[in-house]
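Under numbering that gives the first Met the number 0, the first residue of the sequence shown carries the number 0, and numbering increases by one thereafter.
The beta carbon of each residue, even a glycine, is placed where N, CA and C say it ideally should be.
If you're wondering where the values come from, they're calculated on a predicted model, not measured in any experiment.
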Amino acid sequence: MNKTYRSVWCEKTGTFVAAAETARAKGKKARGRSLVGACAVLFVGGVLASGSALANSGPGENLGGCANTGTGSSIAIDGAISTYCANATGTSSIAIGSTATAGGAGSGTTWKGTTSGDWDQVALGVRTNATAGGATAVGSDARASGVFASAFGNSATASANSAAAIGDNSLASFFGAAAIGTSATASGTGATAVGAGSTASAASAVALGTNAVAATSNSVALGANSVANSATLGTAGYNPGSGTLSAVTAAGGEASVGKSGAERRITNVAAGLNPTDAVNVSQLQSEDAKVNQAGTATATALGGGSSYNSTTGAISAPSYALTNANSIDGTSGAKTDIGTAFSTVDTALGKLNNNISNVSNNVSNVANNLANTNNNVANINNTVTNIVNGGGIKYFHANSTAGDSVASGVDSLAAGPTATASGQAASALGYGAIASGYGSSAVGLYANAKGDQAVALGQNATASTTNSVALGASSTTTANLSAAGYNPGNATLSGTASATNGEVSVGAAGSERRVTNVAAGSAATDAVNVSQLQSEDAKVNQAGTTTATALGGGSTYNSTTGAISAPSYALANANVIDGTAGVKTDIGTAFSTVDTALGKLNNNISNGAGIKYFHANSTLADSSAAGANSVAVGPAATAALASDVAIGNNATTAVGATNNPGAIAIGGSATAYGAYSNSIGANIAIGYGSVAGKSDASTSQGLALGTWATASNWATDAIGTSSTASGNYASAIGSQSWATGDQSTALGAFTHATANNSTALGEGANATTTNSVALGYHSVANSATLATSGYNPGSGTLSAATAAGEISMGTVGGERRITNVAAGLNGTDAVNVSQLQSEDAKVNQAGTTTATTLGGGSTYNSTTGAISAPSYALTNANTIDGTAGAKTDIGMAFGTVDTALGKLNNNISNVSNNVSNVANNLANTNNNVANVNNTVTSRHQRAGHDGRCRCVVSVVSIGK
Numbered sequence: 000m001n002k003t004y005r006s007v008w009c010e011k012t013g014t015f016v017a018a019a020e021t022a023r024a025k026g027k028k029a030r031g032r033s034l035v036g037a038c039a040v041l042f043v044g045g046v047l048a049s050g051s052a053l054a055n056s057g058p059g060e061n062l063g064g065c066a067n068t069g070t071g072s073s074i075a076i077d078g079a080i081s082t083y084c085a086n087a088t089g090t091s092s093i094a095i096g097s098t099a100t101a102g103g104a105g106s107g108t109t110w111k112g113t114t115s116g117d118w119d120q121v122a123l124g125v126r127t128n129a130t131a132g133g134a135t136a137v138g139s140d141a142r143a144s145g146v147f148a149s150a151f152g153n154s155a156t157a158s159a160n161s162a163a164a165i166g167d168n169s170l171a172s173f174f175g176a177a178a179i180g181t182s183a184t185a186s187g188t189g190a191t192a193v194g195a196g197s198t199a200s201a202a203s204a205v206a207l208g209t210n211a212v213a214a215t216s217n218s219v220a221l222g223a224n225s226v227a228n229s230a231t232l233g234t235a236g237y238n239p240g241s242g243t244l245s246a247v248t249a250a251g252g253e254a255s256v257g258k259s260g261a262e263r264r265i266t267n268v269a270a271g272l273n274p275t276d277a278v279n280v281s282q283l284q285s286e287d288a289k290v291n292q293a294g295t296a297t298a299t300a301l302g303g304g305s306s307y308n309s310t311t312g313a314i315s316a317p318s319y320a321l322t323n324a325n326s327i328d329g330t331s332g333a334k335t336d337i338g339t340a341f342s343t344v345d346t347a348l349g350k351l352n353n354n355i356s357n358v359s360n361n362v363s364n365v366a367n368n369l370a371n372t373n374n375n376v377a378n379i380n381n382t383v384t385n386i387v388n389g390g391g392i393k394y395f396h397a398n399s400t401a402g403d404s405v406a407s408g409v410d411s412l413a414a415g416p417t418a419t420a421s422g423q424a425a426s427a428l429g430y431g432a433i434a435s436g437y438g439s440s441a442v443g444l445y446a447n448a449k450g451d452q453a454v455a456l457g458q459n460a461t462a463s464t465t466n467s468v469a470l471g472a473s474s475t476t477t478a479n480l481s482a483a484g485y486n487p488g489n490a491t492l493s494g495t496a497s498a499t500n501g502e503v504s505v506g507a508a509g510s511e512r513r514v515t516n517v518a519a520g521s522a523a524t525d526a527v528n529v530s531q532l533q534s535e536d537a538k539v540n541q542a543g544t545t546t547a548t549a550l551g552g553g554s555t556y557n558s559t560t561g562a563i564s565a566p567s568y569a570l571a572n573a574n575v576i577d578g579t580a581g582v583k584t585d586i587g588t589a590f591s592t593v594d595t596a597l598g599k600l601n602n603n604i605s606n607g608a609g610i611k612y613f614h615a616n617s618t619l620a621d622s623s624a625a626g627a628n629s630v631a632v633g634p635a636a637t638a639a640l641a642s643d644v645a646i647g648n649n650a651t652t653a654v655g656a657t658n659n660p661g662a663i664a665i666g667g668s669a670t671a672y673g674a675y676s677n678s679i680g681a682n683i684a685i686g687y688g689s690v691a692g693k694s695d696a697s698t699s700q701g702l703a704l705g706t707w708a709t710a711s712n713w714a715t716d717a718i719g720t721s722s723t724a725s726g727n728y729a730s731a732i733g734s735q736s737w738a739t740g741d742q743s744t745a746l747g748a749f750t751h752a753t754a755n756n757s758t759a760l761g762e763g764a765n766a767t768t769t770n771s772v773a774l775g776y777h778s779v780a781n782s783a784t785l786a787t788s789g790y791n792p793g794s795g796t797l798s799a800a801t802a803a804g805e806i807s808m809g810t811v812g813g814e815r816r817i818t819n820v821a822a823g824l825n826g827t828d829a830v831n832v833s834q835l836q837s838e839d840a841k842v843n844q845a846g847t848t849t850a851t852t853l854g855g856g857s858t859y860n861s862t863t864g865a866i867s868a869p870s871y872a873l874t875n876a877n878t879i880d881g882t883a884g885a886k887t888d889i890g891m892a893f894g895t896v897d898t899a900l901g902k903l904n905n906n907i908s909n910v911s912n913n914v915s916n917v918a919n920n921l922a923n924t925n926n927n928v929a930n931v932n933n934t935v936t937s938r939h940q941r942a943g944h945d946g947r948c949r950c951v952v953s954v955v956s957i958g959k
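Shown next, in the form of structure tokens:
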């Protein structure tokens with residue numbers, strides 16, 4: 000039946016609202032139900048845009064001036080202006096909002112193979128479009144044009160089948176893609192982008208984090224600004240040896256945790272067990288300890304002062320003096336490898352063997368040979384030359400006719416024509432240089448260091464104050480050191496200047512110098528370089544620009560002057576309402592104008608027989624608002640409990656509810672019975688404990704968005720077609736995603752997180768073990784060996800030897816390369832290739848130096864790590880020993896040499912008998928030599944020496 004309405008004051012909202020003419024505005028009696036009903040009208044006016052409501056008979060329901068519905072309980076709600084119609088043309092579709100459209104079949108199939116059809120579309124918001132079977136679009140300008148596609152947020156677009164776009168300007172444009180976050184873009188089949196500005200542009204790529212970019216198939220970009228775009232995934236990974244690598248190429252794509260120049264350190268990594276597990280630093284440390292142990296043991300075994308450098312892996316060459324062997328062999332110098340040492344020893348043995356056999360014959364002639372000694376010694380006097388003074392000391396000369404230097408200060412030094420060092424411990428170097436201050440230094444033509452501990456370096460440089468430095472030609476030190484340093488703010492400055500501390504000057508007034516190649520300062524008293532100033536300037540400019548942008552109104556920032564121009568707010572409508580004119584150039588004036596206009600608008604609300612464009616025409620039972628502060632609008636609508644809202648034909652919050660307040664049901668036959676649940680139409684359930692047709696969020700604090708989405712346990716979220724979140728605190732986002740473990744998360748089409756605390760991220764990812772993470776397209780985290788200790792290459796203690804969980808970046812045969820990894824520091828950090836290369840270089844260095852030290856043609860193979868056996872010929876030792884063939888290890892070589900030495904020892908014992916007569920022949924030699932001392936004159940006294948030359952063995956000439 001038709002009713003007449005009038006305006007009454009609603010205390011709850013503080014505004015005039017429409018109510019039946021029998022309702023009381025201010026009286027104390029009969030005000031509860033009527034006043035709530037009046038407030039309900041205001042609520043409907045806000046939600047449904049105050050349209051001229053016409054309710055057609057039949058299965059569809061229209062609210063608005065020109066709403067169009069299809070069949071099967073379709074709902075269309077819009078405003079009253081005929082040019083902005085809502086259209087719900089699909090079977091069981093819903094269109095709410097000006098020009099909202101819910102209808103259209105689309106084409107193709109979904110992940111489940113469901114064929115498209117013109118049904119179950121939902122378009123909620125101004126200019127929203129859900130134009131394919133099962134599509135959902137929520138938010139102004141949202142577009143869902145794929146079968147079972149979901150678009151949530153302003154201008155969100157899901158344009159492919161089973162795609163999901165959630166967030167302002169998000170875009171999911173390929174089959175099964177998911178884009179979550181402001182301006183997130185998923186433009187590859189099965190791609191997933193999560194985070195503001197994130198982009199996943201290749202098939203099955205995953206970008207997670209603000210501005211993260213995953214541009215190669217199956218790749219993962221993890222973290223803000225991370226980039227996964229490697230062009231070398233088909234290139235074999237670095238192999239430090241000749242072993243067969245597992246997953247030698249990245250067939251499964253890459254997982255990037257940063258980008259070039261902005262690498263991240265991966266921490267808390269358990270020790271890897273399988274060949275394709277990540278290695279942590281403790282495993283590298285264990286390997287390094289093993290290498291160091293081998294290097295140390297090798298150096299110890301080599302002896303000869305050999306040492307091992309644990310930083311470079313180098314084994315220093317030994318030094319075998321072999322003094323006696325050198326003397327016998329006629330060589331000199333220590334031998335620095337075993338091969339050379341053995342060669343020298345062997346040659347010496349050969350010569351000893353020959354010499355010993357001839358000793359008896361040679362000794363008999365000793366007396367005759369010594370007879371000539373007297374004659375030779377007599378001639379020694381002729382071999383001594385006179386030492387004379389020459390033109391100077393080599394490499395040190397001077398060429399000047401100026402006055403001599405003067406060093407008059409105690410412990411001073413003056414070098415150069417007319418240089419003067421008059422200060423104690425002063426140094427003056429250069430023509431006319433003057434150092435007069437205590438401990439001062441003057442270097443250069445006419446350099447002058449006047450102050451104590453002052454330094455003047457350069458032509459005419461002058462350092463006149465204590466502890467000052469004048470650096471460069473004509474530099475001076477004239478600063479006012481008592482003045483405080485410039486402070487741009489009010490913070491306490493570090494490094495106070497004083498006359499005691501002095502200054503460093505690199506020029507003079509009008510002749511300043513640029514100081515270049517300055518590293519960026521770190522400590523408070525370090526010098527700042529231009530790049531740091533540019534960084535600060537960029538920050539200031541950014542602040543200015545963002546401030547101007549935030550002000551709007553055409554405000555701009557001048558990066559040269561730092562000025563922000565005044566904004567200009569036209570406020571044409573507010574001016575008309577307020578009766579003012581002209582643009583407002585500051586926020587205060589603009590707000591004042593708007594506030595005044597709002598006050599006038601509030602007073603200008605028309606009163607009359609009702610609110611224009613709002614009417615009802617139905618013969619069904621009246622609506623019922625039984626709960627305190629509840630609202631029920633529409634034929635047979637029922638709001639059963641406190642704060643419930645039921646709007647629409649047969650909308651109800653009364654199904655099985657006994658203590659679940661705050662439910663909202665909007666649309667024909669919509670049912671919301673969970674506490675604080677929201678149900679819109681026939682197939683959307685939003686909120687705490689909601690149930691709505693084909694979407695199910697049936698327990699406390701659940702959220703289900705999308706066709707056949709199910710959130711069935713405590714605080715669960717299911718978003719996307721056929722998504723299921725059944726574990727406590729579980730989240731499933733994406734078509735057919737499952738999160739069945741407690742605290743599990745499944746993000747992406749067809750992802751499964753079935754274990755407690757598991758996470759599956761990326762199309763088809765599967766995490767089935769507790770605390771595991773499956774990251775990327777079709778990645779699988781299902782290890783059964785997490786309790787097994789990781790591989791230990793040595794005897795070092797591993798950090799996190801067993802794993803509390805796992806992170807899988809791929810699957811068997813589809814491994815991914817992890818890129819942009821910063822070098823690990825702690826035992827549980829991940830190791831990057833450069834660290835392995837560094838270790839490999841150290842191993843190679845140790846191998847090379849070992850082979851070099853072994854000598855004997857030994858070589859090191861850097862691919863296999865093998866050191867070839869040496870080959871020590873030992874020809875003479877073999878001859879003495881009666882053996883043959885080269886010796887290929889040190890033990891054999893020493894054995895042969897030792898046996899040869901034993902035989903030589905026996906031969907030498909027989910020599911003593913032949914030497915017994917030598918003493919007699921030497922008797923005369925003593926007499927001849929005794930006279931030598933008398934015949935040698937002291938010719939070197941001219942050089943300032945008065946001692947006697949007892950034995951002249953060489954001639955020395957100094958000067959000319």
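Take Asn168, set aside five residues on each side of it, and the residues of its chain with a beta-carbon closer than 6 Å to its own are Ser154, Ser182, in chain order. When beta bridges are read from the DSSP output, Trp118 appears opposite Thr90. With fewer than 16 neighbouring CB atoms inside 10 Å of its own CB, Gly901 falls in the exposed class. Assignment of beta-bridge partners to Ser426 by DSSP yields Leu412, Ser440.
DSSP, read as helix, strand or coil, puts Ser203 in coil. Unbroken beta strand (DSSP E) stretches of 3 residues or longer found wholly inside the segment 229-309: 253-255, given in chain order. The three-state secondary structure of Thr744, taken from DSSP, is strand. Looking at Ala624, Ile663, Ala627, Ser617, the one whose alpha-carbon comes closest to that of Asn648 is Ser617. No Cβ-Cβ contact shorter than 8 Å links Thr476 with Ala482. Excluding the 5 residues flanking it on each side, Asn875 has same chain C-beta neighbours closer than 6 Å at Asp345, Leu348, Gly349, in chain order.
Taking a cut-off of 8 Å on C-beta distances, the segment 404-421 touches the segment 429-442, as three or more cross pairs fall below it. Ser736 places its beta carbon less than 8 Å from that of Ala748. In the three-state scheme derived from DSSP, where H, G and I count as helix and E and B as strand, Asp828 is classed as coil. Counting of Cβ neighbours within 10 angstroms places Ala401 among the exposed residues, the total staying below 16.
By the criterion of a C-beta distance shorter than 7 Å, Gly304 is surrounded in its chain by Pro317, Ser318, once the five residues flanking it on both sides are discounted. With respect to the 8 Å criterion, Ala214 and Ala223 are not classified as neighbours on the basis of their beta carbons. When C-alpha distances from Gly854 are compared across Tyr871, Asp328, Thr862, the shortest belongs to Tyr871. Less than 8 Å separates the beta-carbon of Gly761 from that of Ser203. For Ile879, the enclosing alpha helix (DSSP H) stretches over residues 874-880. In the DSSP assignment, the residues bridged to Lys583 are Tyr568.
Phe151 carries a strand assignment under DSSP once its states are collapsed to helix, strand and coil.
Non-local C-beta neighbours of Ala313 in its own chain, meaning closer than 6 Å and more than five positions away in sequence, comprise Gln844, Thr848, ordered along the chain.
Under the 10 Å beta carbon count, Ala178 is surrounded by 16 or more other beta carbons and is classified as buried.
CA-to-CA, the gap between Ile337 and Asn459 works out to about 60 Å. Cβ atoms of Thr706 and Gly105 stay farther apart than 8 Å, at about 13 Å. By the C-beta density criterion, Ile586 is exposed, having fewer than 16 other C-beta atoms within 10 angstroms. Remark: three or more beta-carbon pairs, one from each stretch, lie closer than 8 Å, so the segment 244-264 and the segment 811-818 are flagged as touching. If you draw a 10 Å sphere on the C-beta of Glu511, you find fewer than 16 other C-beta atoms in it, and that means exposed.
DSSP places Ser771 in the coil class of the three-state scheme, outside both helix and strand.
Nearest neighbour of Gly260 by Cα position, chosen from Ile889, Tyr859, Ala822, turns out to be Ala822. For Ala453, the secondary structure class from DSSP, reduced to helix, strand or coil, is coil.
If you look at Ser757, you'll find it isn't in any beta strand (DSSP E); DSSP assigns it neither H nor E.
In the structure shown, Thr335 adopts coil according to DSSP, grouped into three states.
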